[in-house]
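Scroll down for the structure; my scribbles are underneath it.
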Amino acid sequence: MNPRNAPCPCGSGQKYKRCCRSVDRSVSRVQGQGVVHLPPPPGLDPVTTEAYLRVQEVMVSPDAARLISEGMVLLRRMFREGGPLGSLRWSWEQLVPPVERHIGRVMEEVEDTDERHALLFERCAPKLLSAERLARMDEVLRRELMSPERTEDERRALAAAVMELVSAPPTPPYSHEELGLVSWLMMGQVDEWMARRERAEAFLDRVLGPVADARRGWA
């Protein structure tokens with residue numbers, strides 16, 4: 003994710019490039035000494051304030067692109083089964099039906115992997131996301147952000163997810179543009195399912211030969 007296109011850490015709901023980026027750059031130029039951090043907006047609760055400060059530190063860093071990329075990898079790692087965010091995963095019974103319904107058409111319509119993920123997310127979101135699920139995500143992300151068991155790198159990644167949910171719409175519909183990190187986690191689980199299915203199909207190919215292809219036609 004380009005840091006300029008990420009949600010602004012102030013929680014406005016706008017992209018950083020259209021919100022505080024110009025302010026941050028102006029302040030840095032005026033001070034002429036390293037990076038200057040703007041104070042968080044008044045009225046934020048302590049956890050949101052912590053998330054704001056950590057995200058702003060990343061966004062004004064000269065290594066912002068690398069830190070964001072590494073943070074996204076960490077989020078998926080924490081989202082694995084048994085991980086700190088594992089409780090936020092969809093059950094396979096919840097995830098697979100809407101994905102199977104839409105994935106074939108999505109693959110026909112677009113070729114780029116990122117575009118496929120974005121389109122599949124938006125088509126599956128009505129079945130897989132709700133205000134209640136986002137509230138549960140927010141609760142767990144905030145708890146893990148403040149957990150002493152998390153590393154500094156993990157906290158930066160969690161902070162970005164917390165700030166994304168701060169600016170998320172309170173009710174559906176939800177878009178990839180608004181929930182890029184939630185989409186990233188969902189598509190990570192979709193990728194896991196696809197890998198499992200491919201391994202199962204490869205096994206059927208070895209065991210059943212041409213019959214396996216005939217069975218796939220019923221999927």
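Sequential numbering of the sequence shown, starting at 3, is according to the working numbering.
Beta carbons: idealized from backbone N, C-alpha and C, even for Gly.
No experiment lies behind these values; they were computed from the predicted model shown.
Where residue i sits in the DSSP three-state scheme
i, result
"residue 179", "coil"
"residue 84", "coil"
"residue 113", "coil"
"residue 190", "helix"
"residue 173", "coil"
"residue 100", "helix"
"residue 153", "coil"
"residue 43", "coil"
"residue 94", "helix"
"residue 139", "helix"
"residue 132", "coil"
"residue 63", "coil"
Residue i vs residue j beta-carbon contact at 7 Å
i, j, result
"residue 158", "residue 56", "yes"
"residue 189", "residue 119", "yes"
"residue 42", "residue 54", "yes"
"residue 163", "residue 181", "no"
"residue 86", "residue 154", "no"
"residue 142", "residue 121", "no"
"residue 49", "residue 144", "yes"
"residue 187", "residue 81", "yes"
"residue 185", "residue 123", "yes"
C-alpha gap between residue i and residue j, whole angstroms
i, j, result
"residue 65", "residue 58", "12 Å"
"residue 125", "residue 178", "10 Å"
"residue 176", "residue 76", "23 Å"
"residue 192", "residue 174", "21 Å"
"residue 166", "residue 92", "19 Å"
"residue 114", "residue 131", "24 Å"
"residue 94", "residue 133", "20 Å"
"residue 151", "residue 111", "43 Å"
"residue 89", "residue 135", "11 Å"
"residue 197", "residue 204", "11 Å"
"residue 156", "residue 117", "27 Å"
"residue 104", "residue 96", "14 Å"
Own chain residues within Cβ distance below 7 Å of residue i, not counting five before or after
i, result
"residue 69", "60, 63, 158"
"residue 84", "none"
"residue 199", "none"
Chain C within 7 Å of residue i, Cβ atoms only
i, result
"residue 45", "In the structure shown, chain C does not exist; there is a single protein chain."
Other residues of its chain near residue i: CB distance less than 8 Å, five sequence neighbours each side excluded
i, result
"residue 101", "122, 126, 192, 195"
"residue 148", "49, 52"
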